[in-house]
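J.: First the structure, then my questions, so here it is.
2 protein chains.
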Amino acid sequence: MAERLSVEARKQALKSLPGWAEMSGREAIGRTFTFKDFNEAFGFMTRAALVAEKNDHHPEWRNVYKTVEVVLATHDAGGVTALDIELAEAMDAIASQIGVA
Amino acid sequence: MAERLSVEARKQALKSLPGWAEMSGREAIGRTFTFKDFNEAFGFMTRAALVAEKNDHHPEWRNVYKTVEVVLATHDAGGVTALDIELAEAMDAIASQIGVA
């Protein structure tokens, strides 16, 4: 099982993920992606879903038209693990290819 | 523009959509779909996204692993319209094909 990151390790990892922030009230990280339209937003979700399924580690996410709010945590570990950092990095890479900084 | 349904018309429409209910605190209808796993849940979302995009009428939805919480409203109309009822029916049909009653 992936190990829960310490507060320090989590803060360190977030330095390389500028769009992401700690969620208030729970041990998780989150980012809101804003795309041009629904086509781009759902295209992002589809590519991210394939990564999530391959890694067997899934996001919590909410989509309203062109926005996708993502929350990542590892339930089994009770916090944020390397699996979440990897998924965050993969999502950033996909969004960047679609044209979101 | 699609016309906002009256309270009576909305209640009448919901009789044919047994899984759906009025949202509290806002004029919208909602349903939570529970699938077998993420594959089924995201498969449902993908098919529903194609319908939404074709109709140019999109859901608000949240996915956590095998569950998909959907809220439907027509923002321009300030409430529920025939577009929402059509999308709800389409989502029910897709979920039913996947095996969700």
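Sequence lines, in order, name chains A and B.
Numbered per our numbering, the first sequence finishes at 919, counting up by one with no gaps.
Numbered per our numbering, the second sequence finishes at 919, counting up by one with no gaps.
For glycine and all other residues, C-beta sits at the position ideal for the given N, C-alpha and C.
1. Within 7 Å: the Cβ of G896 (chain A) and any heavy atom of the ligand HEM?
2. Going along the chain, which residues of its own chain have a beta-carbon closer than 7 Å to the beta-carbon of G837 (chain B), five neighbours each way excluded?
3. From the beta carbon of E871 (chain B), is the nearest beta carbon of chain A less than 8 Å away?
4. I need the boundaries of the beta strand (DSSP E) containing L901 (chain B), first residue and last residue.
5. With 16 other CB atoms within 10 Å as the buried threshold, where does L890 (chain A) fall?
6. Return the Cβ separation of V898 (chain B) and L823 (chain B) in integer angstroms, given the expectation that the two are a contact with Cβ distance under 8 Å.
7. Whole angstroms is fine: what's the gap from E821 (chain A)'s alpha carbon to I847 (chain B)'s?
8. Expressed to the nearest angstrom, what Euclidean distance is found between the alpha-carbon atoms of A831 (chain A) and A906 (chain A)?
9. Let me know if L868 (chain B) comes out buried or exposed under the rule of 16 or more other beta-carbons within 10 Å of its beta-carbon.
T.: Taking the definition as stated:
1. Absent from the structure shown: the ligand HEM. Ligands present: none.
2. As a working mapping, residue 837 (chain B) is identified with position 19 in the second sequence. Once the five neighbours on either side are set aside, the close Cβ partners of G837 (chain B) are R849 and D910.
3. Residue 871 (chain B) sits at position 53 when you count from the first residue of the second sequence. For E871 (chain B), the answer is yes, since a Cβ of chain A falls inside 8 Å of its Cβ.
4. On the second sequence, residue 901 (chain B) is found 83 positions in, with the first residue counted as 1. Per DSSP, L901 (chain B) lies in no beta strand (DSSP E) segment; the continuous alpha helix (DSSP H) that holds it begins and ends at A900 to I916.
5. Within the first sequence, the letter at position 72 stands for residue 890 (chain A). Residue burial annotation: L890 (chain A) is buried, with at least 16 other C-beta atoms found within 10 angstroms of its C-beta.
6. Here residue 898 (chain B) refers to the residue found at position 80 of the second sequence. Here residue 823 (chain B) refers to the residue found at position 5 of the second sequence. Separation of the CB atoms of V898 (chain B) and L823 (chain B) is rounded to 5 Å, and the pair is thereby assigned contact status at 8 Å.
7. Here residue 821 (chain A) refers to the residue found at position 3 of the first sequence. Here residue 847 (chain B) refers to the residue found at position 29 of the second sequence. Looking at the two C-alpha atoms, the distance is approximately 40 Å.
8. Numbered from 1 along the first sequence, position 13 holds the residue referred to as residue 831 (chain A). Numbered from 1 along the first sequence, position 88 holds the residue referred to as residue 906 (chain A). So the two alpha carbons sit approximately 10 Å from each other.
9. Mapped onto the second sequence, residue 868 (chain B) falls at position 50. Burial call: exposed.
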